[in-house]
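Chains as they are written, first to last, in our numbering: chain A, 9 to 197; chain B, 9 to 197. No residue lacks a Cβ here, since even glycine has one placed at the ideal position from N, Cα and C. For clarity, every value in this text was computed on a predicted model and none was experimentally measured. Below is one structure, written out as structure tokens; the observations come after it.
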DNA sequence: TAAATTATACAACATCCGTTGTTTATACAA
DNA sequence: TTGTATAAACAACGGATGTTGTATAATTTA
């Protein structure tokens, strides 16, 4: 599950770093839809054909980018190395809300392709995390369905929040929404 | 909200019908990603430029297609003209599961663009439906958050079911999963 | 250090895309 | 029925895509 840090040819590491870096910069200027592979390779000072050696297409690049960004948020809060508590669940929901909000404001939002890839990555990571948490609590109960419901609910709430016209205070929103998620996980406590 | 049946130029109606029809047929042979606008217009016997008069791109076409297909499922079960009961909620979850399963098996599944658009359409329709249901029950309570959680949970469960390697009996799955959705709506009863 | 492996640069390709301008055919209303 | 409006056909464009083949440069291994 962890991204195994294989010994990589330094050229590969360098090239991938250049691509990711160029992409990060471009996202600050343009919407994802408006970014072409050419843009990325020009800014990265990389040949276009080289790009395709490392990524299937620009969507795979975004996928990788989101994976890194969100994993960083999770790890910086040590959520990946703790266990379930109502408070940690609250922090998780907050994290997802803030991440989506940041991504939505920083990177000029572009509907078509951007959001679904964000969703897939974030939702998966939340799902995996919940599975670990629940598995620790009661190893005899099946966690799949509860983790699925909770992961989708959490992302849905965060998405709802980040889309809201006039957003309420985040804390207030989380206070109101959290019980709806927590109620499904109580059976494991 | 309802797709207003405007009086349309018969040429328009004919062309859109041809496009939707060609697209339906193509989905049975190819994955969505593999279908090009050219494919559609060739099969529809339509000029490619004409296509762009009616749809922004092939994703907009899929969007429209899903909207029609799923709305049909909802309406054929009269879910849009009834009110909340635990049993209707059950039917709704079943409907989404069956729809996703059908789509997944009929149309050769293609990850990248197909699923997200299905999700957006289906989830929105479920959300709107739940808002109506909940609004009827207790007009004083705010429905947004509950409807959001429930809509995401329902779609997530259906997605989980349709992705499962060895799928359990649908009825069994729904029996197990339904309470996790229903518990969030009980405050309205 | 020398030979091998492998990444990148470069150029060229067919394909699809979305758009534009013009002409022809169809629908509708006076 | 005739005039007007508008949809569709057609052709052509610039641009991005993804792929391929060859040459060069860097890294690793022996």
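- Here the alpha carbon of residue 34 of chain A sits roughly 15 Å from the alpha carbon of residue 24 of chain A.
- Secondary structure note for residue 67 of chain B: its alpha helix (DSSP H) is the uninterrupted segment 66 to 84.
- Apart from sequence neighbours up to five positions away, the residues of its chain that approach residue 165 of chain A with a beta-carbon distance below 6 Å are 185, ordered along the chain.
- Under a 10 Å Cβ-count criterion, residue 131 of chain B is classified as buried, with 16 or more other Cβ atoms of the shown protein chains found around its own Cβ.
- By the Cβ test, the region 95 to 103 of chain B is in contact with the region 162 to 179 of chain B, since at least three Cβ pairs between them sit closer than 8 Å.
- Excluding sequence positions up to five before and after residue 135 of chain A, its CB lies within less than 6 Å of the CB of 155 and 159, all in the same chain and listed in chain order.
- Shortest Cα-Cα distance from residue 180 of chain A to any of B:61, B:153 and B:60 involves B:153.
- Taking each of B:79, B:89 and B:94 in turn and checking the Cα distance to residue 196 of chain B, the smallest one comes out for B:94.
- Out of A:171, A:168, A:144 and A:32, the CA that lies nearest to the CA of residue 51 of chain A is found in A:32.
- Interface residue (Cβ-Cβ distance to chain B less than 8 Å): residue 165 of chain A is classified as such.
- The Cβ-Cβ distance between residue 133 of chain A and residue 54 of chain A does not fall below 8 Å.
- The CB of residue 168 of chain B comes closer than 8 Å to the CB of 152, 153 and 156 in chain A, given here in chain order.
- Cβ contact annotation for residue 151 of chain B (same chain, cutoff 6 Å, sequence separation greater than five): 139, 142 and 143, in chain order.
- Contact with chain B is found for residue 188 of chain A, since one of that chain's Cβ atoms lies less than 8 Å from the residue's Cβ.
- Pairing residue 59 of chain A with residue 48 of chain A gives a Cβ-Cβ distance under 8 Å.
- In summary, the residues of the region 120 to 140 of chain B whose CB is separated from some CB of chain A by less than 7 Å are 120 and 124, in the order they occur in the chain.
- Counted as a single uninterrupted DSSP element, the alpha helix (DSSP H) harbouring residue 46 of chain B occupies residues 45 to 52.
- Membership of residue 103 of chain B in the alpha helix (DSSP H) is indicated by the continuous run 94 to 114.
- Taking residue 109 of chain B as the centre and dropping the five residues before and after it, the same chain places the C-beta of 170 closer than 6 Å to its C-beta, in chain order.
- By the beta-carbon neighbour count (other beta carbons within 10 angstroms, threshold 16), residue 22 of chain A is exposed.
- In the three-state reduction of the DSSP assignment, residue 124 of chain B falls in the helix class, which pools H, G and I.
- Residue 35 of chain A sits in a helix when the DSSP states are folded into three classes.
- In this model, residue 168 of chain A and residue 175 of chain A are separated by some 10 Å (Cα to Cα).
- The residue from A:62, A:89 and A:77 with its alpha-carbon nearest to that of residue 115 of chain A is A:77.
- Residue 17 of chain A carries a coil assignment under DSSP once its states are collapsed to helix, strand and coil.
- Look at residue 150 of chain A here: in three-state DSSP terms it is coil, with no helix or strand label.
- Proximity of residue 160 of chain A to chain B, defined by a Cβ-Cβ separation below 8 Å, is satisfied.
- Between residue 137 of chain A and residue 88 of chain A a beta carbon distance of about 7 Å is seen, short of the 8 Å cut, so the two are scored as contacting.
- With fewer than 16 other CB atoms across the displayed protein chains lying within 10 angstroms of its CB, residue 56 of chain A is exposed.
- In this structure, DSSP gives residue 177 of chain A a state outside helix and strand, which the three-state scheme calls coil.
- Residue range 56 to 62 is occupied by the alpha helix (DSSP H) that includes residue 57 of chain B.
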